[in-house]
Amino acid sequence: MITEWKEFLENAGAEFSDGGVAHYGNPPRELSVAITGNVFADLSHYGLISVHGDDAETFLQGQLTNDIRKVDEQHSQFSGLCNAKGRLLATFRVFRRGDSYYLCLPHQMVEEVIAQLRKYVLRSAVTLEEASDTFVHLGVSGEVAEEDLAAVTNGIPQNLHEVVQDEDQLIVRVPGIHPSHELFTTLEKAPELWNALNVRCAPIGEEAWRLLDIQAGIPVILPETREAFVPQMVNLQLIDGVSFQKGCYTGQEIVARMQYLGKLKRRMYRCHVDAEQHPQPGEEIYSRDVPEQSVGKLVSAAAHPDGGYALLAVLQISSAEGDEELRLGSAEGPVIELQHLPYPFPTE
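Take 266 as the starting number for the sequence shown in the numbering used here and just add one per residue.
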């Protein structure tokens, strides 16, 4: 995190944990207002990778699940990086500014993804660099928050994944249960934006922002879930994160075979659990019907203002859509309740 920006956040009441903003003094209220109100957040728990050079587009086209040719200064996209077996190493948003592409992903994944991509650079004219301190990264959610953001910028994108940018900032429309945007701005501009939003909107920490991502059904791959899922298992194809027309990329054969020849046996669901401890990514899920064998794996979790935890979990379809009682951690663990995602599953 940029030192001067961290000092600004500290003066605004931020409490830090693991390099990001945990909360602003009242975590339960932040969770509640995130669901029902208008909020904004520092997103320094996400990092950036810059990719530039004469061969940057061709290089990324051969590595990512989505069609990088559709990314320009007005359009971003959600995408993934797979290993040769089609298993996801990371998920991220891709946007372009000037001559560089930027991959936005959890901070703890940045070094690992750079190292993975560098294996394939060979003689390509491509430079990969960590760029996390290039911008101050903010998130905004809510209709009033959107109005306030529009009032202090040169316009905001109206359609999902669209981008509006000028010399000071870049704004992306992102999925959310309320109108949602992410901003990448300069250190000089960030305090002005923060103070403008802080009049009618509430600042929230990392956990509350994660809750919004879970409500929106957006998967985030972390070290604990690296190589655990093919893209379709986390619904990447349902949120425009996979192109099946773009041609070859690492792992493409497996992903395409699953789409056209295979039968998907697992997919991601939104769930709720009343547990004593905060659930963790990668935690196994069991069925009382088959207690000795895992039927799923946790993708992400966040505390819910009504109690318990909101989850995204990859589950066996037969278990999730049958009458099986699903439990977290073991067949005797807390009961998992399935909830609706904001997007439909395809009819089969």
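Quick reminder that beta carbons are idealized off the backbone N, C-alpha and C, glycines included.
Check                                                                                                                                        : Outcome
Does the distance from the C-beta atom of D398 to that of I267 stay below 8 Å?                                                               : yes
Taking the beta strand (DSSP E) that Q581 falls in, what are its first and last residues?                                                    : Y574 to Q581
Since F273 is in the alpha helix (DSSP H), which residue starts that stretch and which ends it?                                              : T268 to N276
Give the secondary structure of T301 by DSSP, where H, G and I count as helix, E and B as strand, and everything else as coil.               : helix
Which word fits G312, buried or exposed, when buried means at least 16 other C-beta atoms lie within 10 angstroms of its C-beta?             : buried
Let me check one thing: in DSSP terms, what residues is G318 bridge-paired to?                                                               : In the DSSP output, where bridge partners are listed per residue, G318 has none listed.
At 3 residues or longer, and completely inside the stretch 385-465: list those beta strand (DSSP E) runs for me, N to C.                     : 392-395, 401-406, 428-430, 434-439 and 445-450
Please report how far the alpha carbon of N348 lies from the alpha carbon of T515, in whole angstroms.                                       : 6 Å
May I ask you to verify whether the stretch 408-420 touches the stretch 444-455, counting CB pairs closer than 8 Å and requiring at least 3? : yes
Pick out the complete beta strand (DSSP E) segments inside the stretch 485-548, 3 residues or longer, and give them in chain order.          : 531-538
Would W474 pass as a contact of G363 if the rule is Cβ separation under 8 Å?                                                                 : no
Can you grab the Cα-Cα spacing for the pair S315 / I300, in whole Å?                                                                         : 32 Å
Going by DSSP, what residues sit across from V359 in a beta bridge?                                                                          : Q342 and L368
If you draw a straight line from the alpha carbon of L393 to that of G318, how long is it in whole angstroms?                                : 9 Å
Starting from A481, trace the alpha helix (DSSP H) both ways and give me its first and last residue.                                         : E471 to A481
Considering only the alpha carbon of each residue, which of S282, P611 and A355 lies closest to E377?                                        : A355
Would you decide whether G587 is buried or exposed? Buried here means 16 or more other CB atoms lie within 10 Å of its CB.                   : exposed
Alpha carbons only, please: which of I469, S406 and N419 is nearest the one belonging to G441?                                               : S406
Would you kindly check if the distance between the Cβ of V564 and the Cβ of T330 is under 8 Å?                                               : no
In whole angstroms, what is the alpha-carbon distance linking D283 and G470?                                                                 : 12 Å
Closest by CA to W270, which one among H402, Q326 and V386?                                                                                  : H402
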